[in-house]
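Engineer:
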Amino acid sequence: MAGAITPVVRVQRADFDMDTECAALAPGGDTGALVTFTGLCRDEDGTLGALELEHYPGMAEAEMTRIANEAIERWPLTALAAIHRTGRILPGENIVLVIAGSAHRGAAFEAASFVMDFLKSRAPFWKKEHRTDGSEGDWVEAKDGDTAAMRRW
Amino acid sequence: MAGAITPVVRVQRADFDMDTECAALAPGGDTGALVTFTGLCRDEDGTLGALELEHYPGMAEAEMTRIANEAIERWPLTALAAIHRTGRILPGENIVLVIAGSAHRGAAFEAASFVMDFLKSRAPFWKKEHRTDGSEGDWVEAKDGDTAAMRRW
Amino acid sequence: MPVKLVYFAWVRERIGSAEETIELPESVSTVADLLDHLEGRGEGYAAALENPQVIRVALDHEHTPHDRPIGRDVREIALFPPMTGG
Amino acid sequence: MPVKLVYFAWVRERIGSAEETIELPESVSTVADLLDHLEGRGEGYAAALENPQVIRVALDHEHTPHDRPIGRDVREIALFPPMTGG
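Chains A, B, C and D, in that order, give the protein sequences.
Start counting the first sequence at 1; every next residue gets the next number (full-length UniProt numbering).
Start counting the second sequence at 1; every next residue gets the next number (full-length UniProt numbering).
Start counting the third sequence at 1; every next residue gets the next number (full-length UniProt numbering).
Start counting the fourth sequence at 1; every next residue gets the next number (full-length UniProt numbering).
1) Can you tell me where the beta strand (DSSP E) with T36 of chain B in it begins and where it stops?
2) Could you check where the alpha helix (DSSP H) with H37 of chain D kicks off and where it finishes?
3) Just to confirm my understanding: we take S17 of chain C, look at its own chain, exclude 5 residues before and 5 after, and list those with CB closer than 7 angstroms. What are they?
4) Is the Cβ of A2 of chain B closer than 8 angstroms to any Cβ of chain A?
5) How many Å lie between residue 165 of chain B and E62 of chain D at the Cα?
6) Report buried or exposed for D146 of chain B, applying the criterion of at least 16 other Cβ atoms within 10 angstroms of its Cβ.
7) Rounded to whole angstroms, what's the CA-CA distance from C22 of chain A to T64 of chain D? Just pull it up for me.
8) Assign R152 of chain B to buried or exposed, taking buried as 16 or more other Cβ atoms, counted over all protein chains shown, within 10 Å of its Cβ.
9) Closer than 8 angstroms is the cut-off here; do at least three beta carbon pairs connect the region 28–35 of chain B with the region 38–50 of chain A?
10) Hey, could you find the ends of the alpha helix (DSSP H) F80 of chain D is sitting in?
11) Under a Cβ-count criterion, where at least 16 other Cβ atoms within 10 Å of its own Cβ denotes burial, should G134 of chain A be classed as buried or exposed?
12) Could you give the DSSP three-state label for W126 of chain A: helix, strand or coil?
13) Output, in chain order, the set of chain A residues within a Cβ distance shorter than 7 angstroms of H61 of chain D.
14) Pull up the distance between the alpha-carbon of R56 of chain C and that of W126 of chain A, whole angstroms please.
15) Just checking: is the beta-carbon of V35 of chain B within a distance shorter than 8 angstroms of some beta-carbon in chain A?
16) Return the CA-CA distance between E39 of chain C and G86 of chain C, expressed in angstroms with no decimal places.
17) Buried or exposed, going by whether 16 or more other CB atoms sit within 10 Å of the CB of T36 of chain A?
18) Determine the burial state of V96 of chain B: buried for a count of at least 16 other Cβ atoms within 10 Å of its Cβ, exposed for fewer.
19) Could you please tell me which residues of the region 108–139 of chain B, in chain order, have their CB closer than 7 angstroms to any CB of chain C?
20) When the distance is taken between beta carbons, is K120 of chain A closer than 8 angstroms to L51 of chain A?
21) Does P82 of chain C come within less than 8 angstroms of chain B when only Cβ atoms are used?
22) So is G87 of chain B buried or exposed if we call it buried at 16+ other beta carbons inside 10 Å?
23) Given this structure, state the Cα-to-Cα distance separating E76 of chain D from K4 of chain D, to the nearest angstrom.
24) If distances are taken between C-alpha atoms only, which option among B:G106, B:A111, B:G49 comes closest to P91 of chain B?
25) Distance, Cα to Cα, residue 165 of chain B vs M64 of chain B?
26) Of all the options A:D15, A:H55, A:L53, A:Y56, which has the alpha carbon lying nearest to the alpha carbon of T38 of chain A?
27) Between which two residues does the beta strand (DSSP E) containing residue 125 of chain D stretch?
28) Secondary structure at A4 of chain B, three-state DSSP: helix, strand or coil?
29) Measuring CB to CB, does M18 of chain B end up less than 8 angstroms from M18 of chain A?
30) Over what stretch of residues does the alpha helix (DSSP H) that includes R66 of chain A continue unbroken?
31) On the CB-based measure, 16 or more other CB atoms within 10 Å of its CB, does G42 of chain D come out buried or exposed?
32) Under 8 angstroms between the Cβ atoms of G101 of chain A and A79 of chain A?
33) How would you call residue 156 of chain C, buried or exposed, if buried means at least 16 neighbouring beta carbons within 10 angstroms?
34) Is there a Cβ from chain B that is less than 8 angstroms from the Cβ of A18 of chain C?
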């Protein structure tokens, strides 16, 4: 890549859609591969009413930008975006979107996977569960597997 | 997974869009991760006028379905689609779309990557290049790296 | 027994035909035998099949190695170069 | 020197406050010292910080290990549980 690209990083309450975000990236004529990752709110067999997504304003964007720039250093990317929602999110709704573009598919897959692994373990977001039975749910606990996923890079 | 899903497999001239295809899959409440791969026609620094995509009707769909079903056997997927365009495709246009949904991100990333690797080396499609200088281009040659990519699975 | 042959990409261009139906001679038992037989059918075939090891063959829509016999029930045999889709 | 403390998720809930500005005592040099100091400030703090090893700390928006000194120019210190975004 001649000249490193600038990643798109956003934290927002509103939903996003993939086609709009990919088009906005305008990844250019050298892009042969575009990988998107969308993280969705699972319904936990009907027991989950909603997730409440809390974040650390300022640091969330800063940390996402650090992760994105690390990916841009490691792979020859033509486009990179990381968008994370906050607030109340219902089962089936989108939580997070990562887009990685490159000339070839290997770099696009790896960069998207890398960004997601680091987002999970390093970006300051926390999920609280609200149950369909009306009881206040718990804060979601971090998974050991997520730290392991990050360490493989 | 209770009950294996049925993959969506299509060969078509028309373009596709990711959001429509993902919505049509209706991946269900257990889907926490949705990975898409889009293969695009690169402009080869302005020298490529168009790609002509030839395919073997009948076998293309059959082979894509075999690859998709193999992925469904190997990973706990909630959704899987593979859509490949044929005919004349201009630089910047879409060629292929793979979508893989799962409860967790690892399976979705791996399944999408697996399907792409096998599509490249096993699905009967061939690309011919038309040059911007008007000369008839060559048939694109298969890359050794693509066979290697397939063998890692 | 008549069998339909279909050709794709530069195999099709060099042979100069997209499909034809031929009678398989008794001497043709495996896929490799068929490629040998076809190569002798003229200049276009010879050009298409000069490096038989790169030619991919599908029997009734399934990839098939060159050392496999061609079953008596096979109806369509496809010859083509390595795939470059995706 | 006054420093702004911000709390998130169950750290915020247990402490019962989202942010406050305190004067860092001379005895507090590292991040670990700060956690020790805060734990003694009352029941809510004790509940939030009973397992200090799980608490993540950011100095001016950067993740910081517990053994690091807190620089004199630090303006905002955040305490929170392990992240669960994505």
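The C-beta atom is built at its ideal place from N, Cα and C for all residues, glycine as well.
Structural biologist: Let me spell this out:
1) Your numbering for residue 36 of chain B matches position 36 in the second sequence. Residues 33–40.
2) To locate residue 37 of chain D, count along the fourth sequence from 1; it is residue 37. Taken as a continuous stretch (DSSP letters only), the alpha helix (DSSP H) holding H37 of chain D covers 31–39.
3) Along the third sequence, one-based indexing puts residue 17 of chain C at 17. Only Y7 meet the Cβ criterion.
4) Numbered from its first residue, the second sequence carries residue 2 of chain B at position 2. Residue placement at A2 of chain B is flagged as unreliable, the pLDDT there being 48, under the threshold of 50; the coordinate-derived value follows with that caveat. Not closer than 8 angstroms to any Cβ of chain A, the Cβ of A2 of chain B fails to qualify, so no.
5) With chain B running from 1 to 153 in the structure shown, residue 165 of chain B is simply not present.
6) As a working mapping, residue 146 of chain B is identified with position 146 in the second sequence. D146 of chain B should be labelled buried.
7) Stepping through the first sequence from its first residue, residue 22 of chain A is reached at position 22. Stepping through the fourth sequence from its first residue, residue 64 of chain D is reached at position 64. Cα to Cα, C22 of chain A sits roughly 34 angstroms from T64 of chain D.
8) Mapped onto the second sequence, residue 152 of chain B falls at position 152. Exposed: under 16 other Cβ atoms inside 10 Å.
9) Yes: at least three Cβ pairs fall under 8 angstroms.
10) Stepping through the fourth sequence from its first residue, residue 80 of chain D is reached at position 80. It is not in any alpha helix (DSSP H) - F80 of chain D instead sits in the beta strand (DSSP E) that spans 76–80.
11) Indexing the first sequence from 1 puts residue 134 of chain A at position 134. With fewer than 16 Cβ atoms within 10 Å of its Cβ, G134 of chain A is classed as exposed.
12) One-based indexing of the first sequence puts residue 126 of chain A at position 126. W126 of chain A: strand per DSSP, three-state reduction.
13) To locate residue 61 of chain D, count along the fourth sequence from 1; it is residue 61. Simply G58, M59, A62.
14) Against the third sequence, residue 56 of chain C aligns to sequence position 56. Against the first sequence, residue 126 of chain A aligns to sequence position 126. Their Cα atoms are separated by approximately 53 angstroms.
15) Within the second sequence, numbered from 1, the residue matching residue 35 of chain B stands at position 35. True, the Cβ-Cβ gap to chain A drops below 8 angstroms.
16) For this step, residue 39 of chain C is matched to residue 39 along the third sequence. For this step, residue 86 of chain C is matched to residue 86 along the third sequence. Computed Cα separation, rounded: 30 angstroms.
17) Your numbering for residue 36 of chain A matches position 36 in the first sequence. Label assigned to T36 of chain A: buried.
18) Here residue 96 of chain B corresponds to residue number 96 of the second sequence, with the count starting at 1. With 16 or more other Cβ atoms within 10 Å, it is buried.
19) M116, L119, K120, S121, R122, A123, P124, F125, W126, K127, W139
20) Translated into positions along the first sequence, residue 51 of chain A becomes position 51. Translated into positions along the first sequence, residue 120 of chain A becomes position 120. Against a cut-off of 8 angstroms, the Cβ pair of K120 of chain A and L51 of chain A comes out as no contact.
21) Position 82 of the third sequence, counted from the start, is the residue given in the question as residue 82 of chain C. Closer than 8 angstroms to some Cβ of chain B, the Cβ of P82 of chain C qualifies, so yes.
22) What you label residue 87 of chain B is simply residue 87 of the second sequence in a count that begins at 1. Exposed, by the Cβ-count rule.
23) The residue you call residue 76 of chain D lines up with position 76 of the fourth sequence. The residue you call residue 4 of chain D lines up with position 4 of the fourth sequence. Near 5 angstroms, if we compare the C-alpha coordinates of K4 of chain D and E76 of chain D.
24) Position 91 of the second sequence, counting from 1, holds the residue named residue 91 of chain B. Considering only alpha carbons, the answer is B:G49.
25) The structure shown does not extend to residue 165 of chain B, since chain B spans only 1 to 153, so no value can be given for it.
26) Sequence index remark: in the first sequence, residue 38 of chain A carries index 38 (1-based). Measuring from the Cα of T38 of chain A, the nearest candidate turns out to be A:D15.
27) The requested residue 125 of chain D is not part of the displayed model; chain D covers only 1 to 86.
28) Numbered from its first residue, the second sequence carries residue 4 of chain B at position 4. A4 of chain B falls in the coil class under three-state DSSP.
29) For the purposes of this step, residue 18 of chain B is identified with residue 18 of the second sequence, where counting begins at 1. For the purposes of this step, residue 18 of chain A is identified with residue 18 of the first sequence, where counting begins at 1. Cβ distance < 8 angstroms, so M18 of chain B and M18 of chain A count as in contact.
30) Taking the first sequence and counting its residues from 1, one reaches residue 66 of chain A at position 66. Where R66 of chain A is concerned, the enclosing alpha helix (DSSP H) stretches over 59–74.
31) Here residue 42 of chain D refers to the residue found at position 42 when the fourth sequence is read from its first residue. Answer is exposed; the Cβ neighbour count stays below 16.
32) To locate residue 101 of chain A, count along the first sequence from 1; it is residue 101. To locate residue 79 of chain A, count along the first sequence from 1; it is residue 79. Taking 8 angstroms as the Cβ cut-off, G101 of chain A and A79 of chain A qualify as a contacting pair.
33) Because chain C spans 1 through 86 in this model, residue 156 of chain C falls outside it and cannot be assessed.
34) Taking the third sequence and counting its residues from 1, the one referred to as residue 18 of chain C is at position 18. False, the Cβ-Cβ gap to chain B never drops below 8 angstroms.
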